[in-house]
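A.B. asks: FYI, the numbering for the sequence shown is 667 to 801, going by the numbering used here. Positions of the beta carbon are idealized from the N, C-alpha and C atoms, including for glycine. No experiment lies behind these values; they were computed from the predicted model shown. Before we start, here is the structure in question, set down as structure tokens.
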Amino acid sequence: MSDGVNLPEIDIDLSGDDVKAFGGGGGPILPVGAYTFDIVKAEQSTSKAQQPVAKVTFKVADEGEHFGVELTKSYSLQVQALGRIKNLMMAAGARLDKIRLGELLGARIIAEIVHTEGQGQVNAQGEMTPGRMLC
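Below, the structure written as structure tokens:
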């Protein structure tokens with residue numbers, strides 16, 4: 667686990683208008699709505715498909731029922747998906763000439779949680795199963 671001090675810089679420039687967004691998933695841990703989050707962890711990792719990702723952990727900073735709830739989101743570092751990490755870096759006030767995960771740590775952002783249903787899949791019996799809920 668890293669404290670963010672010695673995190674590597676990822677040499678990808680996010681400053682251009684050609685950076686495209688791509689969806690991301692994860693189970694709905696929080697109800698739909700706007701939340702204030704503190705970024706408490708950020709690290710470079712790989713996805714299940716062995717692609718580079720940045721994993722970022724957010725902690726709800728709003729007083730109330732969900733205070734302190736943490737959720738982790740993966741941000742693809744593939745060219746076609748850099749829009750998501752760019753939006754996060756801008757919200758956190760980070761520079762865009764490189765992805766500096768250390769600049770995310772301690773940042774406070776406001777984000778809107780939405781839920782969407784993912785694509786269904788065919789199971790081993792050939793039956794269509796509903797898609798999981800994405801947050």
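Using the C-alpha atoms, what's the distance from residue 763 back to residue 795?
C.D. replies: 42 Å
A.B. asks: Once you ignore the five residues that flank residue 667 on each side, which residues in its own chain have a CB closer than 7 Å to its CB?
C.D. replies: Confidence at residue 667 is low in this model, with a pLDDT of 45, below 50, so the placement of that residue is unreliable and no value is reported for it.
A.B. asks: Just the Cα atoms here: how many angstroms apart are residue 786 and residue 746?
C.D. replies: When rounded, the distance between both Cα atoms is 23 Å.
A.B. asks: Going by C-alpha distance, which of 676, 757, 793 is nearest residue 702?
C.D. replies: 757
A.B. asks: Over the uninterrupted alpha helix (DSSP H) stretch that includes residue 757, give me the two end residues.
C.D. replies: 748 to 757
A.B. asks: Could you tell me the boundaries of the beta strand (DSSP E) in which residue 721 lies?
C.D. replies: 718 to 726
A.B. asks: Output yes or no for whether 9 Å exceeds the beta carbon distance between residue 700 and residue 769.
C.D. replies: Contact flag unset, no.
A.B. asks: Quick check: what's the CA-CA separation for residue 736 versus residue 790?
C.D. replies: 34 Å
A.B. asks: Please go through the same chain and pick out, in chain order, the residues whose beta-carbon is closer than 8 Å to the beta-carbon of residue 717, but skip the five residues on each side of it.
C.D. replies: 742, 743, 744
A.B. asks: Is DSSP giving residue 745 helix, strand or coil here?
C.D. replies: helix
A.B. asks: Just reading off the beta strand (DSSP E) that residue 695 is part of, what are its end residues?
C.D. replies: Residue 695 -> no beta strand (DSSP E), and no H or E assigned at all.
A.B. asks: Sort out for me which residues DSSP pairs residue 787 with in a bridge.
C.D. replies: 795
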